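According to our numbering, the sequence shown is numbered sequentially starting from 1.
Every residue, glycine too, gets a C-beta built ideally from N, C-alpha and C.
Computed from a predicted model, the values in this text were never measured in an experiment.
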Amino acid sequence: MQRQTRRDVLIALSGTATALGGCSTGLSSGDSDVKAASHETETTPTDEVSESTSESRPAMFVHLDTLAAIQSRVESGDSPWTEAHEAFIDDVQDAMTADLESVTDNGDGHEFKTKGPEDPAERKDYVAAIRTGDRIRDLGLAYQYTGADKYAEKAIELLDHWFLRSETYMAPVKTNSIEQFITLPKMWWGAELVRGHDAWKNDSVGTEADLQEWVRTFLDDVGHGIPTDMGQQNIFNWKEMTHAAGSVYLRDWDGFRKAMQRNRDDGFTQLREDGLLENEIIRASSLAYSLYAAKALVTAAELSRLYADKLDGPTLYEYQKFSGDKGAIERILDAHAPYVADPEAWEAMGEGDPDRFVNNDGFPARKQEAASSLYEVAYSYYEKDTYLETVKQSSQPVKNVPTYVSAQQAAIDDPDRPHRDERILGWTTFTHGERFRLDL
1 MQRQTRRDVL
11 IALSGTATAL
21 GGCSTGLSSG
31 DSDVKAASHE
41 TETTPTDEVS
51 ESTSESRPAM
61 FVHLDTLAAI
71 QSRVESGDSP
81 WTEAHEAFID
91 DVQDAMTADL
101 ESVTDNGDGH
111 EFKTKGPEDP
121 AERKDYVAAI
131 RTGDRIRDLG
141 LAYQYTGADK
151 YAEKAIELLD
161 HWFLRSETYM
171 APVKTNSIEQ
181 FITLPKMWWG
191 AELVRGHDAW
201 KNDSVGTEAD
211 LQEWVRTFLD
221 DVGHGIPTDM
231 GQQNIFNWKE
241 MTHAAGSVYL
251 RDWDGFRKAM
261 QRNRDDGFTQ
271 LREDGLLENE
281 IIRASSLAYS
291 LYAAKALVTA
301 AELSRLYADK
311 LDGPTLYEYQ
321 KFSGDKGAIE
331 RILDAHAPYV
341 ADPEAWEAMG
351 EGDPDRFVNN
361 DGFPARKQEA
371 ASSLYEVAYS
381 YYEKDTYLET
391 VKQSSQPVKN
401 VPTYVSAQQA
411 AIDDPDRPHR
421 DERILGWTTF
431 THGERFRLDL
């Protein structure tokens, strides 16, 4: 059976014909019967090393020189990288044997469909996106770290299955927003890490041009508005981080600059001079939501740091909303650091409004791990002892389920290093820990 033209697939099944009308497309114009049949044949991984691993360049959320410097530290058995590397490699091995997943597995079409956390059984697409994103990211990192082509080949197979294969692709439309913003960019990170690999030339998978068109179409559908009636909240920061990450993958530097400018112009609207976020602290689980916003900003700030030469203004780390010598992100991090290990002190700040700072379920261990992984990245940039104390905090309140992947539960069960970001970055202690100690 002849494969559908990829442009036809995107138009007919995604419902985004209007959005596609103005796009310049790199989609293929058709495929032969032979190519369609070969798409069902699994490729055989090899251990050959591609020349692309020798490049010196930023690769979305990490610089390849940083990975090389980390490798040297792991070979010397240095902490904290060695322990984090062991956890990372376990995940990579699991990814190599994992079954392929997509949004079509639930029998409900090609669109990403999921419900809120109150109905875990109906979150299948979200859970599949978490697992698939973790695998693609980790395999891409493993390819750049080791040079073994088998990791790139598996990552490309997963990318093809999720985004491009006519039977299983996800339609490039925004349907759930936040859950797409915290899962899809790590898939694009993995794609960036295997950019230009020879496996993309295999007739059994789509092309990088196809994937680039998918990302472009999705970002067009996402738009740029403030997504909540309450004004600027964390969802806006996650959205602009998604625009920035997608623009990096597309090499759309104008789009990248605009995403960073929108974060500078509107992404700190809710920030008060004391470092608190006025539209997060009025919510239940206000500490967790505040740190969630901080994580979106720091994740985007890493992109701005690595691609600072593409900006027409300061990085997000450097951006200052208020006068003084402290940037906006640092102001947020300073304000919240004391409460990661002492959430009861956060609740005590209510001052006559006891519900304002309440944390549902206490401050669950899952949220504490999210905070620790955030401050791991922050410590690497700012080198502040208060952030290191937050990274090394060892209090562990109630466990929180579901965590969706065993690797995240492993990080929760052992609250010390290595730390793992369940959103985008994965084992942050491995890829982002104490960069200032590396030989760079």
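Contact set for residue i: own chain, Cβ-Cβ below 6 Å, skip 5 residues either direction
i: residue 128; result: 101
i: residue 377; result: 298, 428 and 432
i: residue 288; result: 367
i: residue 245; result: 185 and 188
i: residue 242; result: 181 and 185
i: residue 231; result: 279
i: residue 409; result: 403
i: residue 304; result: 260, 315 and 316
i: residue 379; result: 387, 388 and 391
Exposed unless 16 or more other CB atoms sit within 10 angstroms - verdict on residue i
i: residue 235; result: buried
i: residue 436; result: exposed
i: residue 251; result: exposed
i: residue 12; result: Model confidence at residue 12 stands at a pLDDT of 44, short of 50, so the residue's coordinates are unreliable; what they give is reported in the following sentence. Exposed is the call here.
i: residue 417; result: buried
i: residue 440; result: exposed
i: residue 300; result: buried
i: residue 144; result: buried
i: residue 345; result: exposed
i: residue 445; result: In the structure displayed, the chain extends from 1 to 440; residue 445 sits before or after that span and is not available.
i: residue 385; result: exposed
i: residue 210; result: buried
i: residue 29; result: Reliability of the predicted coordinates at residue 29 is poor, the pLDDT of 27 falling under 50, and the value obtained from them is presented with this limitation in mind. Classification for residue 29: exposed.
i: residue 372; result: buried
Cα-Cα separation between residue i and residue j, rounded to whole angstroms
i: residue 121; j: residue 415; result: 28 Å
i: residue 152; j: residue 270; result: 41 Å
i: residue 60; j: residue 193; result: 8 Å
i: residue 367; j: residue 203; result: 43 Å
i: residue 67; j: residue 306; result: 14 Å
i: residue 364; j: residue 402; result: 12 Å
i: residue 275; j: residue 333; result: 8 Å
i: residue 156; j: residue 138; result: 12 Å
i: residue 74; j: residue 430; result: 10 Å
i: residue 104; j: residue 331; result: 43 Å
i: residue 422; j: residue 309; result: 29 Å
i: residue 342; j: residue 321; result: 28 Å
i: residue 290; j: residue 228; result: 15 Å
i: residue 82; j: residue 109; result: 43 Å
i: residue 237; j: residue 91; result: 28 Å
i: residue 285; j: residue 347; result: 10 Å
i: residue 162; j: residue 130; result: 12 Å
i: residue 107; j: residue 113; result: 11 Å
i: residue 233; j: residue 208; result: 34 Å
i: residue 46; j: residue 302; result: Since pLDDT at residue 46 reaches only 41, below the 50 mark, its modelled position is unreliable, and the value read off the structure follows with that caveat. So the two alpha carbons sit approximately 32 Å from each other.
Option in the options with minimal Cα separation from residue i
i: residue 389; options: 409, 211, 338 and 200; result: 338
i: residue 392; options: 184, 370 and 407; result: 370
i: residue 261; options: 278, 224 and 231; result: 224
i: residue 514; options: 398, 173, 71 and 273; result: Because the chain in this structure spans residues 1 to 440, residue 514 falls outside the shown range and cannot be described.
i: residue 200; options: 216, 221, 174 and 158; result: 158
i: residue 315; options: 259, 282, 405 and 323; result: 259
i: residue 160; options: 176, 132, 146 and 340; result: 132
i: residue 134; options: 119, 107, 98 and 124; result: 98
i: residue 215; options: 116, 198, 205 and 248; result: 248
i: residue 217; options: 277, 164 and 80; result: 164
i: residue 324; options: 183, 426 and 273; result: 273
i: residue 253; options: 311, 419 and 125; result: 311
i: residue 383; options: 406, 340 and 434; result: 434
i: residue 88; options: 412, 407 and 255; result: 407
i: residue 198; options: 349, 150 and 79; result: 150
Cut-off 8 Å between Cβ atoms - residues of its own chain near residue i, not counting five sequence neighbours on either side
i: residue 58; result: 64, 306 and 307
i: residue 69; result: 438, 439 and 440
Contact check, residue i vs residue j, beta carbons under 8 Å
i: residue 319; j: residue 381; result: no
i: residue 148; j: residue 111; result: no
i: residue 374; j: residue 293; result: no
i: residue 265; j: residue 226; result: no
i: residue 268; j: residue 335; result: no
Any C-beta of chain B under 8 Å from that of residue i
i: residue 202; result: Considering every chain present, this structure includes no chain B. It has just one protein chain.
Residue i: CB within 7 Å of a non-hydrogen atom of the ligand ADP
i: residue 78; result: Absent from the structure shown: the ligand ADP. Ligands present: none.
Neighbourhood of residue i by C-beta, 7 Å cutoff - its chain only, sequence neighbours within 5 removed
i: residue 178; result: 235 and 238
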